[in-house]
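Residue numbers for the sequence shown follow this note's numbering, so the first one is 4 and each next one is one higher. Yeah, the Cβ is synthetic: ideal placement off N, Cα and C, and Gly gets one too.
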Amino acid sequence: MGYEADLAFLFYNPTRVIFGAGSSGDAGVELQNLKCSRALIVTDKYLHEKTGVVKKVEKALGGACAGVFSDVPADSGVHVVDKGAAFGRERGADAIVSVGGGSAIDTAKGIAILLREGGSLLDYQGFQILTRDQTPHISIPTTAGTGSEVTYVAVIKDHEKKQKLLFGDHHIIPNVAILDPKLTLGLPPMLTAATGMDAFSHGLEAVTSAQREPIADALGLHAIRLIKEWLPKAVKNGADLTARGQMLIAATLGGAAFSNAQVGLIHAIAHVVGARHGVHHGTANAIAMPYAMKFNNDTVPDRYALVAHAMGVDVRGQSDEAAGLAAARAILAFNKEVGLPTTFKEVGVPESDLAACAEAAISDGAIVYNAKPVMDPREVLEVLKGAWGGVL
Ligand SMILES: [Fe+2]
Numbered sequence: 004m005g006y007e008a009d010l011a012f013l014f015y016n017p018t019r020v021i022f023g024a025g026s027s028g029d030a031g032v033e034l035q036n037l038k039c040s041r042a043l044i045v046t047d048k049y050l051h052e053k054t055g056v057v058k059k060v061e062k063a064l065g066g067a068c069a070g071v072f073s074d075v076p077a078d079s080g081v082h083v084v085d086k087g088a089a090f091g092r093e094r095g096a097d098a099i100v101s102v103g104g105g106s107a108i109d110t111a112k113g114i115a116i117l118l119r120e121g122g123s124l125l126d127y128q129g130f131q132i133l134t135r136d137q138t139p140h141i142s143i144p145t146t147a148g149t150g151s152e153v154t155y156v157a158v159i160k161d162h163e164k165k166q167k168l169l170f171g172d173h174h175i176i177p178n179v180a181i182l183d184p185k186l187t188l189g190l191p192p193m194l195t196a197a198t199g200m201d202a203f204s205h206g207l208e209a210v211t212s213a214q215r216e217p218i219a220d221a222l223g224l225h226a227i228r229l230i231k232e233w234l235p236k237a238v239k240n241g242a243d244l245t246a247r248g249q250m251l252i253a254a255t256l257g258g259a260a261f262s263n264a265q266v267g268l269i270h271a272i273a274h275v276v277g278a279r280h281g282v283h284h285g286t287a288n289a290i291a292m293p294y295a296m297k298f299n300n301d302t303v304p305d306r307y308a309l310v311a312h313a314m315g316v317d318v319r320g321q322s323d324e325a326a327g328l329a330a331a332r333a334i335l336a337f338n339k340e341v342g343l344p345t346t347f348k349e350v351g352v353p354e355s356d357l358a359a360c361a362e363a364a365i366s367d368g369a370i371v372y373n374a375k376p377v378m379d380p381r382e383v384l385e386v387l388k389g390a391w392g393g394v395l
């Protein structure tokens with residue numbers, strides 16, 4: 004559990020986090036605190052037209068709302084960010100308020116760059132290349148999963164290349180995150196489960212990554228504890244405000260953990276099957292998790308034993324290796340409990356594409372930080388085959 008004497012790490016999270024039922028009503032005050040007066044709301048059509056969520060935020064902003072950009076799709080793209088930035092510029096926006104899931108918040112991060120720096124999003128692909136603060140950004144998540152409200156990463160799809168691009172920079176961490184459990188009450192059970200397991204995978208991969216460190220450990224393991232206790236309740240009864248609130252907190256903890264310790268093989272696989280076959284990010288992580296854990300277990304069994312403890316799995320008297328496998332099995336059972344599919348076969352990934360998925364995963368940015376170094380696509384293929392057929 005401990006670290007060697009040569010441990011060195013940087014933990015950075017500047018986001019001001021506000022939690023509470025109804026706290027989205029504070030958006031206007033928070034905007035004033037940032038010394039801004041024209042906020043562009045970035046959201047999706049469903050939230051804007053079919054729910055009252057965006058209207059609530061517009062009301063909270065009052066005369067400081069510069070306009071609503073609601074063209075964010077489920078998997079946002081480079082062109083969406085470019086279009087949103089052009090709209091924001093036209094409206095004279097000096098700040099952004101994102102309302103939605105990871106896609107809306109990540110789109111807003113991209114728009115925040117373009118409003119300050121100009122150009123197209125593709126000019127800024129990569130890690131830590133920005134040199135100054137970007138457009139102020141208040142994030143208001145309506146799902147409890149991505150943790151994007153506190154992370155330094157944006158994942159944006161290049162639809163032409165069928166590739167998910169990673170943008171990582173401390174300058175795109177949102178200034179403020181407003182966690183209002185009332186805004187997640189309408190999330191259907193399947194999405195609640197899938198986004199919840201995305202948060203779980205953030206905790207898990209942070210605790211086991213090659214860049215793991217003690218502050219992220221604390222955040223990641225507590226995220227896992229909360230999700231184990233509250234996700235089944237939020238899935239079963241979407242109106243349970245306590246469960247919704249605990250899940251929002253868990254997602255933010257998971258986000259802060261992986262924004263510092265990074266993710267690994269599980270996310271590399273999820274990025275690829277998401278980009279190539281449209282598998283929901285959280286569902287893909289949930290499916291890949293037990294099988295990637297089996298692959299990593301000879302390298303970080305003590306870490307997976309911590310996960311087993313956090314999940315309340317009784318591993319007394321067991322070796323770390325046995326406890327690590329018990330954690331993988333417990334996660335597989337938990338996926339079933341919350342009603343998620345458990346194989347890539349079920350979600351429509353063709354068996355014939357697994358080799359190409361493995362090749363693509365090797366060049367995904369997340370794989371660099373996997374607990375166990377992964378160099379050979381055949382290793383990823385083995386994990387994918389396990390997750391495709393459901394053989395743990
Ligand atoms: Fe994720």
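Alpha carbon of residue i to alpha carbon of residue j, nearest angstrom
i      : j      : result
Ala147 : Ala271 : 21 angstroms
Met193 : Ala202 : 14 angstroms
Pro353 : Ala291 : 15 angstroms
Val399 : Ala196 : With the chain running from 4 to 395 in the structure shown, residue 399 is simply not present.
Thr302 : His205 : 19 angstroms
Pro217 : Val318 : 23 angstroms
Val266 : Ala226 : 15 angstroms
Leu234 : Met250 : 7 angstroms
Glu232 : Val371 : 31 angstroms
Asp323 : Ala63  : 51 angstroms
Arg228 : Gly315 : 8 angstroms
Pro304 : Asp126 : 40 angstroms
Ile99  : Glu93  : 14 angstroms
His284 : Phe22  : 25 angstroms
Chain-order list of residues whose beta-carbon lies under 7 angstroms from that of residue i (same chain, five-residue window excluded)
i      : result
Val75  : Val45, Thr46, Asp47, Val83, Gly103, Ser106, Ala107, Thr110
Ala390 : Ile290, Ala291, Tyr294, Thr346, Phe347
Cys68  : Ala42, Ile44, Glu61
Ala77  : Ser106
Glu362 : Pro380
Ala88  : Ile114, Leu117, Leu118
Residues of its chain near residue i, where Cβ-Cβ distance is below 8 angstroms and the 5 sequence neighbours each way are ignored
i      : result
Arg135 : Arg119, His174
Asn240 : Ala246
Asp85  : Leu117, Ser123, Leu124
Ala359 : Arg279
Beta-carbon contacts of residue i that lie in its chain and below 6 angstroms, excluding the five residues immediately before and after
i      : result
Ser101 : Val45, Ala107, Ile108, Ala111, Ser142
Leu222 : Leu256, Ala259, Ala260
Val20  : Ala180
Phe12  : Glu216
Ala326 : Ala308, Ala311, Val318
Pro344 : Val350
Ala209 : Ala219, Gly223, Ala260, Phe261, Ala264
Thr211 : Val303, Arg306, Ala374
Closest residue to residue i among the options (Cα-Cα distance)
i      : options                        : result
Asp287 : Tyr307, Thr198, Ala209         : For the sequence presented, residue 287 should be read as Ala rather than Asp. The shortest Cα separation from Ala287 among Tyr307, Thr198, Ala209 belongs to Thr198.
Leu384 : Ala331, Val276, Ala98, Ser79   : Val276
Asn16  : Arg94, Ala237, Gly281, Val156  : Val156
Asn36  : His140, Ile114, Lys164, Met250 : His140
Gly393 : Ala331, Ile227, Lys165         : Ala331
Ile114 : Asp9, Val71, Gly91             : Gly91
Pro191 : Pro177, Asp243, Lys165         : Asp243
Ala237 : Ala364, Asn300, Met200         : Met200
Pro177 : Leu169, Gly150, Asp183, Ile159 : Gly150
Anticipated Cβ contact below 8 angstroms, residue i with residue j, distance rounded
i      : j      : result
Lys167 : His274 : 5 angstroms
Leu207 : Val377 : Not confirmed; about 16 angstroms, so no contact.
Leu133 : Asp172 : 5 angstroms
Length at least 4, wholly inside the stretch 273 to 350: the alpha helix (DSSP H) runs in chain order:
Runs found: 284 to 299, 304 to 313, 323 to 340.
Would you mind listing the beta strand (DSSP E) stretches within the stretch 154 to 234 that are 3+ residues and don't spill past its ends, in chain order?
156 to 161, 166 to 171, 179 to 182, all fully within the stretch 154 to 234.
What ranges does the beta strand (DSSP E) occupy inside the stretch 31 to 97, keeping only unbroken runs of at least 3 residues that lie completely in it?
Counting only runs of 3 or more, we get 42 to 45, 68 to 72.
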